Each structure stands twice: as C-alpha cells, then as structure tokens.
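Following: one structure in structure tokens, then a few remarks.
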Amino acid sequence: MAKILIADDDPTILSLLNKILLSKGYEVQLASHGGEAEKLLKTEQFDLLISDIKMEPVDGMQLLKRTRQLRPHVGAIMLTAYATVATAVEAMKEGAFDYIPKPFKIDELLETVKRALDYQKSMSQQISNTGYIETKKYFGNIVAESDEMIKVCEMIKRVAPTKTTIMITGESGTGKELVAEAVHSFSARSEGPFLPVNCAALPETLIESELFGHTKGAFTGASTEKVGLFEAARGGTLFLDEINSIPHGLQSKLLRAIQNKKIRKVGGTEEFDVDVRILAASNRNLETMVKEGSFREDLFYRLSVISIDIPPLKTRPEDILPLAQHFIAQEIEGGEFPSMDNAVLSILQNYTWPGNVRELQNVIQHCLTFLLDGKITKDTLPSKLIVSYEENPGAQAAALSGEFERGKSLKAFLRVKEKEYLKTVIDTMGGDKVAAAKELDISLATLYRKLPEEQQDS
Ligand SMILES: Nc1ncnc2c1ncn2[C@@H]1O[C@H](COP(=O)(O)OP(=O)(O)OP(=O)(O)O)[C@@H](O)[C@H]1O
Ligand SMILES: [Mg+2]
448 MAKILIADDD PTILSLLNKI LLSKGYEVQL ASHGGEAEKL LKTEQFDLLI SDIKMEPVDG
508 MQLLKRTRQL RPHVGAIMLT AYATVATAVE AMKEGAFDYI PKPFKIDELL ETVKRALDYQ
568 KSMSQQISNT GYIETKKYFG NIVAESDEMI KVCEMIKRVA PTKTTIMITG ESGTGKELVA
628 EAVHSFSARS EGPFLPVNCA ALPETLIESE LFGHTKGAFT GASTEKVGLF EAARGGTLFL
688 DEINSIPHGL QSKLLRAIQN KKIRKVGGTE EFDVDVRILA ASNRNLETMV KEGSFREDLF
748 YRLSVISIDI PPLKTRPEDI LPLAQHFIAQ EIEGGEFPSM DNAVLSILQN YTWPGNVREL
808 QNVIQHCLTF LLDGKITKDT LPSKLIVSYE ENPGAQAAAL SGEFERGKSL KAFLRVKEKE
868 YLKTVIDTMG GDKVAAAKEL DISLATLYRK LPEEQQDS
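Each residue of the sequence shown is one higher than the one before, starting from 448 at the first, in this note's numbering.
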C-alpha cells in the first residue's frame, strides 16, 4: 500500500488526515512542520506528500522544493487556505501535483490522493528513483521509445540489407543522418565507408567535380586529378543530404550514376564502375519540386524507391525523456548523473520542439552548463522554454454548448464541459492518455488531475 507523509502545523488537521487515510489502508507518517518532514523524507521512502503551505519555521513551499530535490519521484499535494491560492498555483509550477483548498471535503481529498498516486504509478514505470527513465531502448545509436520511432527502426532493419536507394525525410533535426548511418551499419557494406555529403554546402560550380572527381587540367585550377565522393565511397554508402540542392543540369548525370553504377570524371572521357549505395535526404518536398519542374521526375522516382519518414519530435513525446537521458549520459561521460526536477520534465514534454531532437540536445547542453548544485532545475533551462510553458493556456473546453440550467454556476458548467471534452479526446486517441494530453496541449499530470476517477484506469 502507498505510503503518505503529511506535514501540517495544525494538530487537528494532522489527526483528521491520519484517521481518514489509515481507514483507507494507506500507511501514514506525520510531521508538524517542514523541517520534520524533510528529516523523514531523507530516511524513509514515501509515495506521496500532503503538505500545508503555511507552516513555521520551514513552510510548505520550501518543503516542496526540498522534496523535488531529495525525492523527485514523490508526488505532492498542497493544502491551502483560500487566501493563498496564488501560492498554491506557484506550488504547481514547482511541480506539485495538485492543491486542495481548506476546508476540504473528505471525498475530494481522497479522490485527489488516488489520482496523484495513480499518476505517480504511471510515471514510475518510466522514472527511476533519480528521476530518469529506466526503460531506455536503443536500436544502434537510435533512441526509440515511441511506437513511431520503433516503426522507423523496424523499417531500417528491413531495408538495410537490401540494395535499394532510400529516401529519408523528416523536419530539420529529426535524425535523418543518424538513420542513414544506421541503414549503412546494418547493411552488408558496414565495413565500407559511410560518406555523408551536404549538397547544399557545395558551391554549384564544384558539385560535379566533388561528386564524380575531375581529371588533371579539366578546368582552370584543376592542377591534379581528383577522386570524387562516388569513388571514395566505393564498397560503402554515400548519403546525399539536401539532395534538392543538386542543380537541374547535374540531375541526369546523377541518375545515370545511380542507375548504371557508372561515372565519368569531369574532363574525363571514360566511364568507370562504382559500387556505391545511395541514401538521400531532402529538406524540401521533392514531389512539389517535381511539379514545379525544378527536380527531375525520373530521378525522384529512382531515389524514393523506399522512403523512411521520421516524425517530428512533438508527435512522439515518449521519446523526449529517454533522449534527454541519452544526451546527458553522452555529455557527462560516465560522471555523476545530475538529478532533474519534475517541473523540468513537464516543461520538456510540453514544448513544441521546432528544432526537433537537435534542439533537445542543445537544451540539455544548456542545462548541464548552468547546473545548480549539480541539479537540472527550471532555472537551468533556456528562457524560451519557460516563456513558451507559461504562455500555454492549457486545455480550452472547445465547442461549448448546452442548455441553460437554473442554479448552475458558470464554473460548474465549464467543469462538466471540460470533462466531456477530455473524454472525447481520450476516446478519439483510442484511450492513449499520452497522445490525448499532447492533443489537448496539457501535461499528462494535468490530464490525470482533471480526469473523472472512473476514466483513470480505462
Ligand atoms: N532517435 C535519436 N536517438 C539518439 N540521437 C538522436 C536521435 N535523433 C536525432 N539524434 C541526434 O540529434 C542530432 C540531430 O540529428 P541529425 O543530424 O541526424 O538530424 P537531421 O535530420 O539530419 O537534421 P538536419 O535536417 O538539420 O540535417 C544528432 O546529434 C543526432 O545524433
Ligand atoms: Mg542532417
């Protein structure tokens, strides 16, 4: 049974809560102020903290902060008098699960306790005692926890051993190059070279000689013979990144190289064989370019025999924490893992990640540079994440409709509508609460908090 720590300087409340929770089978420990609670937290394991906000000498907010540092996996419910609701909201920003205004109804309290514990349980499958994921899954160097990324990995496994050309698509920073590398390393060519080349970075006049090489004296400045990338990648894989930047005039020559596996150097007269597997990526929609006439249709079809599409990070929130952990491990190189606040986890999961995985990697580097007492806290995050989190208005009950009912306050009406809307979204997502929370643009914790009890396990 769950173990709950209660901190309140009012002995009546302490004994009342003690009685209620014991009667429901919970294990309970009592503390009459924050300092006493902190001592217990250090020596014993708890699942949940219920704490008053106003206490002397160590108050509930200080206790909450200490709990987040000492035991990031312990959920917290704050008790507050109406006058301090603003502080309670502040407490939630600090990572408290919920707050209960005093005086409270016993049923309400028990329901919130149950929700908080359910939420902790669902998170604990992912989060270890130090606040990190335990179930990190790798495929090669690719962290893949979400179904979407697992599908990508399965696709890699299936197509890597074949000889086909593969088109890898995805927003900037989603991991296209990483996937290309994985295709290479799971193919029979893994002993050969893997050469990534960014076509956009090559000056247009030099692309041809970079790709195919040139003979001595082929053009002004060609003082020696040059080996091109196709030749250099022999027996291996050539990854043509941003292939959309290949000038139209060169596209037919590229097509010939891929189709016939023969190339001719700039200035050369003879064609010779090159055994290279081509993988390509584009940051523009090639189909659109074909329609516009700026990309050859035959080349497009030759390149996209098989395509692997990597979804944006925001559509696969399950990958965020494992990736964060992966980047931390990379950075600290076997050093001590810093702890991470629940507030940080929640901010990371609610951000939209326009720069995808690369942006997450940069954010983690930022956090590690600005570590506070060896911990990743909200203050170590780049300010754009905080701003975006605070501007997030939460779920809006959409399509408010309904008949007028006498005696029903606006708040009560909104609450009913909100619950209906939550149910609709969860049902639409096939019961997947993580996806529903994403769709609603709220954190998983908020979703659980708002959920009617009967829907929590369904
Ligand atoms: N699933 C993942 N697991 C581990 N690391 C990842 C994953 N996805 C991306 N990365 C890392 O994120 C960074 C960006 O990935 P990568 O360079 O492959 O993206 P990209 O799609 O090629 O980006 P761009 O479009 O900007 O070229 C790299 O450091 C890469 O190792
Ligand atoms: Mg790239």
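Heads up, the beta-carbon is just placed ideally off N, CA and C, and yes, glycines get one too. What you are looking at is a predicted structure, and each value in this text was computed from that prediction instead of being measured.
K897 and A728 have their alpha carbons spaced roughly 43 Å apart.
Residue burial is scored here from C-beta neighbours: I553 has fewer than 16 other C-beta atoms within 10 angstroms and is therefore classed as exposed. I451 and F493 do touch by the CB rule: their CB atoms are close to 7 Å apart, below 8 Å. E655 and L697 have their C-alpha atoms spaced approximately 7 Å apart. The three-state reading of DSSP puts L649 in coil, since its state is none of H, G, I, E or B.
Classified as exposed, N588 has fewer than 16 neighbouring CB atoms from the shown chains inside 10 Å of its CB.
By the Cβ-count criterion, L469 is exposed, with fewer than 16 other Cβ atoms from all chains shown falling within 10 Å of its own Cβ. For Q808, no beta strand (DSSP E) encloses it; the enclosing alpha helix (DSSP H) starts and ends at N803 to T816. For I693, the three-state secondary structure derived from DSSP is coil. G542 has its alpha-carbon roughly 9 Å from the corresponding atom of L792.
By the CB criterion at 8 Å, I705 and T612 fall inside the cutoff.
Ligand 1 has no heavy atom closer than 7 Å to the beta-carbon of Q812.
Considering only T875, F677, L687 and K870, the residue with the shortest C-alpha distance to I615 is L687.
The three-state reading of DSSP puts T824 in coil, since its state is none of H, G, I, E or B. For M614, there is no enclosing alpha helix (DSSP H); the enclosing beta strand (DSSP E) has its first and last residue at I613 to G617. Residue state for Q476 is assigned as strand, using DSSP reduced to three classes. The DSSP-derived three-state label of I779 is helix. Excluding sequence positions up to five before and after L464, its CB lies within less than 6 Å of the CB of I453, all in the same chain and listed in chain order. Restricting attention to beta strand (DSSP E) runs no shorter than 3 residues, the stretch 718-754 encloses them at 718-720 and 724-728, ordered along the chain. In the three-state DSSP reduction, F551 falls in the coil class, being neither helix nor strand.
Closest in alpha carbon position to V590, among G617, N732 and F774, is F774. Within the same chain, Cβ atoms closer than 6 Å to the Cβ of A528 are found at K549, the five residues on either side in sequence being excluded.
Cβ neighbours of E595 within its own chain (closer than 6 Å, five residues either side excluded): P758 and R763. Per DSSP, reduced to three states, the secondary structure at D788 is coil, with no helix or strand assignment. When the five nearest sequence neighbours on each side are left out, the beta carbons in the same chain lying within less than 8 Å of the beta carbon of S890 are those of S793, Q796, N797 and A884, in order along the chain. Contiguous beta strand (DSSP E) elements confined to the stretch 480-535 occur at 495-499 and 522-528, taking only those with 3 or more residues.
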